[in-house]
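Number of protein chains: 2
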Amino acid sequence: MNLRLARTSCIECPIRHRAVCAECDDTELAVLEGIKSYVTVPKGGRIAEAGESLDHLSSVVSGCATVSKTLADGRRQMVGLLLPSDFIGRPGRATLSFDIEAATDVTLCRFQRRAFEAIIRSSPNVARRLLTMTLDELDVARDWQVLLGRLTARERVIHFLLSLVRREATETGAAHRSGPVRLELPLSREMIADYLGLTIETTSRQFTALRKDGLIETPTARTIVVPDLLNLMPEAMDEDGGPIA
Amino acid sequence: MNLRLARTSCIECPIRHRAVCAECDDTELAVLEGIKSYVTVPKGGRIAEAGESLDHLSSVVSGCATVSKTLADGRRQMVGLLLPSDFIGRPGRATLSFDIEAATDVTLCRFQRRAFEAIIRSSPNVARRLLTMTLDELDVARDWQVLLGRLTARERVIHFLLSLVRREATETGAAHRSGPVRLELPLSREMIADYLGLTIETTSRQFTALRKDGLIETPTARTIVVPDLLNLMPEAMDEDGGPIA
DNA sequence: CGGAATGTTGATAGGTGTCAAAGATGGTGG
DNA sequence: CCACCATCTTTGACACCTATCAACATTCCG
Numbered sequence: 001m002n003l004r005l006a007r008t009s010c011i012e013c014p015i016r017h018r019a020v021c022a023e024c025d026d027t028e029l030a031v032l033e034g035i036k037s038y039v040t041v042p043k044g045g046r047i048a049e050a051g052e053s054l055d056h057l058s059s060v061v062s063g064c065a066t067v068s069k070t071l072a073d074g075r076r077q078m079v080g081l082l083l084p085s086d087f088i089g090r091p092g093r094a095t096l097s098f099d100i101e102a103a104t105d106v107t108l109c110r111f112q113r114r115a116f117e118a119i120i121r122s123s124p125n126v127a128r129r130l131l132t133m134t135l136d137e138l139d140v141a142r143d144w145q146v147l148l149g150r151l152t153a154r155e156r157v158i159h160f161l162l163s164l165v166r167r168e169a170t171e172t173g174a175a176h177r178s179g180p181v182r183l184e185l186p187l188s189r190e191m192i193a194d195y196l197g198l199t200i201e202t203t204s205r206q207f208t209a210l211r212k213d214g215l216i217e218t219p220t221a222r223t224i225v226v227p228d229l230l231n232l233m234p235e236a237m238d239e240d241g242g243p244i245a
Numbered sequence: 001m002n003l004r005l006a007r008t009s010c011i012e013c014p015i016r017h018r019a020v021c022a023e024c025d026d027t028e029l030a031v032l033e034g035i036k037s038y039v040t041v042p043k044g045g046r047i048a049e050a051g052e053s054l055d056h057l058s059s060v061v062s063g064c065a066t067v068s069k070t071l072a073d074g075r076r077q078m079v080g081l082l083l084p085s086d087f088i089g090r091p092g093r094a095t096l097s098f099d100i101e102a103a104t105d106v107t108l109c110r111f112q113r114r115a116f117e118a119i120i121r122s123s124p125n126v127a128r129r130l131l132t133m134t135l136d137e138l139d140v141a142r143d144w145q146v147l148l149g150r151l152t153a154r155e156r157v158i159h160f161l162l163s164l165v166r167r168e169a170t171e172t173g174a175a176h177r178s179g180p181v182r183l184e185l186p187l188s189r190e191m192i193a194d195y196l197g198l199t200i201e202t203t204s205r206q207f208t209a210l211r212k213d214g215l216i217e218t219p220t221a222r223t224i225v226v227p228d229l230l231n232l233m234p235e236a237m238d239e240d241g242g243p244i245a
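Chain order of the listed sequences is A and B. Counting in full-length UniProt numbering, the first sequence runs from 1 upward without gaps. Counting in full-length UniProt numbering, the second sequence runs from 1 upward without gaps.
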């Protein structure tokens with residue numbers, strides 16, 4: 001693991017208002033400030049492995065990491081995508097059930113387990129924020145279950161693209177319900193396939209099909225242009241048939 | 001919703017040591033005791049519907065409920081199974097994203113939202129317990145994602161049976177790693193299919209196949225006998241290839 | 001520039017869904 | 001108590017979607 005240490009004040013931290021520390025007051029923030037350390041894991045690096053004991057909990061500051069499980073015969077399923085402000089690890093249990101890998105270079109803000117668990121006990125604002133974040137993750141995981149259990153390959157790929165659009169909109173604050181959008185895919189075809197419960201080939205074919213149908217353009221394999229979101233959304237097959245919030 | 005009110009002391013509550021109140025001290029328990037009420041929902045009844053606003057949070061005291069989502073065209077995927085001690089609802093958000101239905105008669109221990117949220121703020125023991133339970137649910141959801149994304153129909157059914165065996169073992173404390181086991185299925189074939197992301201027909205065919213292979217016996221459609229767990233476990237295809245913990 | 005990794009396309013096979021019908025099961029009322 | 005009907009479950013035939021195996025194209029880096 002390639003380590004790069006730095007010192008940045010929590011006050012000017014890019015994930016200050018979204019991470020596990022979002023609801024901290026100045027006093028609590030000072031405590032966290034005192035025990036945190038930064039680590040950067042290079043693209044492709046392992047952040048944690050299933051079954052192994054973690055002595056640090058951390059927040060993703062920048063980059064993109066994957067949470068996945070690999071079966072004995074090599075089949076792999078991604079079960080989570082970690083983006084800036086997402087939290088890694090569970091207070092109260094040292095061992096993880098899933099592998100966590102860096103999909104891009106990832107910078108983490110780490111806390112020693114023992115120290116962080118003490119903070120959880122003394123600072124209800126951290127505990128409450130962590131509960132909210134975990135409940136949100138649970139909703140995401142369950143929507144993902146619906147996708148994996150019931151959607152066709154085409155619907156899965158469309159959902160994937162729309163979720164990227166939505167994320168982008170959340171980060172920039174811009175809410176485009178229609179009009180052209182350009183996306184840089186943070187994942188390779190293989191990772192997208194693992195994300196969607198498909199094979200690389202099927203995933204690639206779906207991209208091709210969407211291109212032939214005029215729903216997307218693919219200047220490069222990692223760049224997707226959606227000429228008009230309104231054409232893509234009707235096929236998403238959400239429970240209410242409407243556009244994604 | 002068929003309501004039946006009762007009065008039972010928390011002290012002798014069957015889920016006292018596993019539910020959201022598990023870590024409460026006597027003082028906290030007294031507060032909960034004061035605001036709780038019991039409700040029984042008959043088999044097949046709706047406990048909550050996606051999008052609707054919930055003004056009560058509750059714990060399952062007895063019975064079995066399902067958490068699921070139905071798509072616009074009728075496709076349905078179950079994403080959670082609620083058993084005694086499981087919690088329904090999220091503090092801090094009134095609307096649910098999923099439907100919750102009673103698979104058997106279900107008795108709930110309910111708390112008014114506002115009152116419970118106040119307790120969350122004043123009683124760290126409740127908040128902490130809820131966090132632990134939510135983290136556990138997240139792990140379950142993610143394992144379920146692996147099942148839905150990568151396992152074959154046969155593997156899914158075997159996993160389902162083994163998970164029932166494991167649950168039984170947890171409740172009774174008996175840990176049978178081998179030998180014959182008898183199971184009463186709490187779910188219909190349709191519910192099992194929704195649980196596993198399969199159709200009724202495929203699910204039924206898998207039960208038939210397992211019977212023909214001698215791995216299970218089916219005295220009635222709702223009763224499964226496993227002559228020897230050791231024959232079933234190798235096919236579970238867990239990540240480590242080993243038996244289920 | 002060259003080789004490895006990544007992505008696309010094709011042919012084929014196999015697993016699961018769909019449509020259809022027959023068998024069990026269980027509850028209800030006569 | 002039994003007959004009847006609705007519901008649940010099983011089984012069959014067939015179609016279709018996705019996985020698999022294979023080859024080729026492209027991109028990325030060393």
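Ideal Cβ positions, reconstructed from N, Cα and C, are used throughout, including at glycine.
With distances taken Cα to Cα, identify the nearest neighbour of residue i among the options.
i	options	result
residue 52 of chain A	A:92, A:11, A:96	A:96
residue 221 of chain A	A:50, A:112, A:184	A:184
residue 212 of chain B	B:167, B:48, B:154, B:112	B:154
residue 190 of chain B	B:32, B:76, B:57	B:76
Is residue i close to chain B, meaning its C-beta is less than 8 Å from at least one C-beta of that chain?
i	result
residue 197 of chain A	yes
residue 94 of chain A	no
residue 77 of chain A	yes
residue 206 of chain A	no
residue 218 of chain A	no
residue 146 of chain A	yes
residue 80 of chain A	yes
residue 154 of chain A	no
residue 243 of chain A	At residue 243 of chain A the pLDDT is 40, less than 50, meaning the model places this residue with poor confidence; the figure from the coordinates comes in the next sentence. Not one chain B Cβ lies under 8 Å of residue 243 of chain A.
residue 90 of chain A	yes
residue 22 of chain A	no
Applying the criterion that 16 or more other CB atoms from any shown protein chain within 10 Å of the CB defines a buried residue, is residue i buried or exposed?
i	result
residue 67 of chain B	buried
residue 25 of chain B	exposed
residue 181 of chain A	buried
residue 152 of chain B	exposed
residue 179 of chain A	exposed
residue 203 of chain A	buried
residue 223 of chain B	exposed
residue 85 of chain B	buried
residue 99 of chain B	buried
residue 40 of chain A	buried
residue 61 of chain B	buried
residue 230 of chain A	exposed
Helix, strand or coil for residue i? Go by DSSP, reduced to three states.
i	result
residue 20 of chain A	coil
residue 13 of chain B	coil
residue 202 of chain A	helix
residue 72 of chain B	coil
residue 219 of chain B	strand
residue 136 of chain B	helix
residue 2 of chain B	Confidence is the limiting factor: at residue 2 of chain B the pLDDT is only 44, short of 50, which leaves the residue's position unreliable, though a coordinate-based value still follows. Looking at residue 2 of chain B - three-state DSSP - the assignment turns out to be coil, as it is neither helix nor strand.
residue 212 of chain A	helix
residue 52 of chain A	coil
residue 122 of chain B	helix
residue 34 of chain B	helix
residue 242 of chain B	Residue confidence is low: residue 242 of chain B scores 42 on pLDDT, short of 50, so the model does not pin down where it sits. No coordinate-derived value is stated.
residue 80 of chain A	strand
residue 183 of chain A	strand
Does residue i have its Cβ less than 8 Å from a Cβ in chain A?
i	result
residue 149 of chain B	yes
residue 87 of chain B	no
residue 98 of chain B	yes
residue 139 of chain B	yes
residue 83 of chain B	no
residue 135 of chain B	yes
residue 237 of chain B	yes
residue 14 of chain B	no
residue 202 of chain B	no
residue 228 of chain B	no
residue 130 of chain B	yes
residue 124 of chain B	yes
residue 71 of chain B	yes
For the beta strand (DSSP E) that residue i lies in, which residues bound it at each end?
i	result
residue 56 of chain B	56-62
residue 25 of chain B	Note, residue 25 of chain B: premise wrong, no beta strand (DSSP E); not H, not E.
residue 103 of chain A	Segment: none, residue 103 of chain A is in no beta strand (DSSP E) and carries neither H nor E.
Quick one: give me the first and last residue of the alpha helix (DSSP H) that residue i is part of.
i	result
residue 163 of chain B	153-172
residue 232 of chain B	229-232
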